[in-house]
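*Asks:* Have a look at this one before I ask anything.
Numbering (the UniProt record's numbering), first residue to last: 1 to 130.
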(Lines of atoms letter the chains of each structure in order from A and count residues from 1; the text may use other names and numbers.)
(Lines give C-alpha, C1' and ligand atoms only; values in the text may rest on other atoms or scores of the structure.)
Protein backbone atom coordinates (compact mmCIF):
# COMPACT_ATOMS: atom_id res chain seq x y z
CA UNK A 1 0.00 0.00 0.00
CA UNK A 2 2.84 2.38 0.82
CA UNK A 3 4.26 2.04 -2.69
CA UNK A 4 0.85 2.60 -4.29
CA UNK A 5 0.30 5.80 -2.33
CA UNK A 6 3.84 7.19 -2.56
CA UNK A 7 2.89 9.42 -5.50
CA UNK A 8 1.75 12.96 -4.71
CA UNK A 9 -2.03 13.23 -5.05
CA UNK A 10 -2.60 9.50 -4.51
CA UNK A 11 -5.25 10.21 -1.87
CA UNK A 12 -7.50 11.64 -4.56
CA UNK A 13 -7.67 8.26 -6.31
CA UNK A 14 -6.81 5.65 -3.66
CA UNK A 15 -9.67 5.15 -1.20
CA UNK A 16 -8.00 2.67 1.15
CA UNK A 17 -6.41 -0.73 1.56
CA UNK A 18 -6.65 -3.95 3.52
CA UNK A 19 -3.78 -6.28 4.41
CA UNK A 20 -5.35 -9.73 4.56
CA UNK A 21 -2.73 -12.32 5.41
CA UNK A 22 -5.22 -14.26 7.55
CA UNK A 23 -7.99 -16.49 6.20
CA UNK A 24 -10.38 -14.81 8.66
CA UNK A 25 -9.83 -11.38 7.11
CA UNK A 26 -10.21 -12.80 3.60
CA UNK A 27 -13.51 -14.49 4.51
CA UNK A 28 -15.08 -12.12 7.06
CA UNK A 29 -13.97 -8.73 5.70
CA UNK A 30 -13.38 -9.26 1.97
CA UNK A 31 -16.14 -11.83 1.47
CA UNK A 32 -14.01 -14.64 0.04
CA UNK A 33 -15.82 -17.98 -0.01
CA UNK A 34 -14.63 -20.25 2.80
CA UNK A 35 -15.55 -23.28 0.69
CA UNK A 36 -13.20 -22.17 -2.11
CA UNK A 37 -10.36 -21.72 0.39
CA UNK A 38 -11.10 -25.12 1.96
CA UNK A 39 -11.19 -26.82 -1.45
CA UNK A 40 -8.35 -25.01 -3.28
CA UNK A 41 -6.36 -23.11 -0.64
CA UNK A 42 -5.90 -19.36 -0.27
CA UNK A 43 -3.34 -18.97 -3.05
CA UNK A 44 -5.30 -19.21 -6.30
CA UNK A 45 -7.13 -17.19 -8.92
CA UNK A 46 -10.65 -17.59 -7.53
CA UNK A 47 -9.59 -16.27 -4.14
CA UNK A 48 -7.72 -13.28 -5.57
CA UNK A 49 -10.72 -12.35 -7.76
CA UNK A 50 -13.00 -12.40 -4.71
CA UNK A 51 -10.47 -10.39 -2.69
CA UNK A 52 -10.40 -7.66 -5.37
CA UNK A 53 -14.20 -7.61 -5.59
CA UNK A 54 -14.42 -7.38 -1.79
CA UNK A 55 -11.90 -4.52 -1.64
CA UNK A 56 -13.84 -2.67 -4.33
CA UNK A 57 -17.11 -3.24 -2.48
CA UNK A 58 -15.75 -2.03 0.86
CA UNK A 59 -14.23 1.13 -0.59
CA UNK A 60 -17.51 1.94 -2.37
CA UNK A 61 -19.36 2.48 0.92
CA UNK A 62 -19.14 6.29 0.82
CA UNK A 63 -18.34 7.02 -2.85
CA UNK A 64 -18.43 4.76 -5.93
CA UNK A 65 -15.10 3.05 -6.54
CA UNK A 66 -13.96 2.06 -10.00
CA UNK A 67 -11.28 -0.53 -9.21
CA UNK A 68 -10.32 -3.13 -6.63
CA UNK A 69 -6.85 -4.72 -6.65
CA UNK A 70 -5.52 -7.72 -4.75
CA UNK A 71 -2.53 -10.01 -4.58
CA UNK A 72 -1.84 -13.35 -3.00
CA UNK A 73 1.11 -15.63 -3.40
CA UNK A 74 4.28 -17.10 -2.00
CA UNK A 75 7.19 -14.70 -1.56
CA UNK A 76 9.32 -17.43 0.02
CA UNK A 77 11.68 -18.66 1.12
CA UNK A 78 9.73 -21.97 1.26
CA UNK A 79 6.76 -23.41 -0.59
CA UNK A 80 3.21 -22.86 0.65
CA UNK A 81 0.11 -24.86 -0.28
CA UNK A 82 2.31 -26.74 -2.75
CA UNK A 83 3.19 -23.55 -4.61
CA UNK A 84 6.77 -22.48 -5.21
CA UNK A 85 8.26 -19.21 -3.99
CA UNK A 86 7.62 -16.50 -6.55
CA UNK A 87 4.10 -17.73 -7.40
CA UNK A 88 1.81 -14.69 -7.45
CA UNK A 89 -1.86 -14.20 -8.30
CA UNK A 90 -3.12 -10.67 -8.98
CA UNK A 91 -6.82 -9.84 -8.92
CA UNK A 92 -8.59 -6.89 -10.49
CA UNK A 93 -12.22 -5.93 -10.04
CA UNK A 94 -14.12 -3.29 -11.96
CA UNK A 95 -17.81 -2.93 -12.75
CA UNK A 96 -18.97 -6.16 -14.35
CA UNK A 97 -15.54 -7.78 -14.51
CA UNK A 98 -13.40 -9.63 -11.98
CA UNK A 99 -10.17 -11.15 -13.33
CA UNK A 100 -7.12 -12.94 -12.05
CA UNK A 101 -3.63 -13.06 -13.48
CA UNK A 102 -0.95 -15.56 -12.55
CA UNK A 103 2.80 -15.09 -12.65
CA UNK A 104 5.95 -16.73 -11.36
CA UNK A 105 8.36 -14.03 -10.26
CA UNK A 106 11.48 -15.87 -9.15
CA UNK A 107 14.37 -14.07 -7.43
CA UNK A 108 13.99 -14.07 -3.66
CA UNK A 109 11.42 -12.76 -1.19
CA UNK A 110 12.17 -9.03 -1.38
CA UNK A 111 12.56 -8.95 -5.14
CA UNK A 112 9.40 -11.06 -5.61
CA UNK A 113 7.38 -8.53 -3.60
CA UNK A 114 8.79 -5.63 -5.63
CA UNK A 115 8.12 -7.39 -8.92
CA UNK A 116 4.53 -8.23 -7.98
CA UNK A 117 3.90 -4.56 -7.12
CA UNK A 118 5.28 -3.44 -10.49
CA UNK A 119 3.40 -6.17 -12.36
CA UNK A 120 0.16 -5.21 -10.65
CA UNK A 121 0.54 -1.48 -11.05
CA UNK A 122 2.13 -1.26 -14.46
CA UNK A 123 0.25 -3.83 -16.47
CA UNK A 124 -2.60 -5.65 -14.83
CA UNK A 125 -5.16 -2.85 -15.14
CA UNK A 126 -4.20 -2.43 -18.80
CA UNK A 127 -4.82 -6.15 -19.41
CA UNK A 128 -8.44 -5.87 -18.21
CA UNK A 129 -9.30 -3.47 -21.02
CA UNK A 130 -8.86 -6.15 -23.71
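All residues carry an ideal CB built from backbone N, CA and C; glycine is no exception.
Would you give the residue range spanned by the alpha helix (DSSP H) that residue 38 belongs to?
*Replies:* Segment 34-40, the alpha helix (DSSP H) holding residue 38.
*Asks:* Taking residue 71 as the reference, give the member of 17, 38, 79 and 39 with the closest Cα.
*Replies:* Here the closest residue by C-alpha is 17.
*Asks:* Could you give the first and the last residue of the continuous beta strand (DSSP E) run that contains residue 94?
*Replies:* Unbroken beta strand (DSSP E) run through residue 94: 87-94.
*Asks:* Taking the Cβ atom as the reference point for each residue, do residue 45 and residue 10 lie within a distance shorter than 7 Å?
*Replies:* In this structure, residue 10 does not lie closer than 7 Å to residue 45 by Cβ.
*Asks:* Between residue 43 and residue 81, is the Cβ-Cβ spacing less than 7 Å?
*Replies:* Yes, the pair counts as a contact, with Cβ atoms nearer than the cut-off.
*Asks:* With residue 68 as the anchor, note down where its beta strand (DSSP E) starts and where it stops.
*Replies:* First-last of the beta strand (DSSP E) with residue 68: 67-73.
*Asks:* Counting only the same chain and skipping the five closest in sequence on each side, list residues whose C-beta sits under 7 Å from that of residue 83.
*Replies:* 43 and 74, listed in sequence order.
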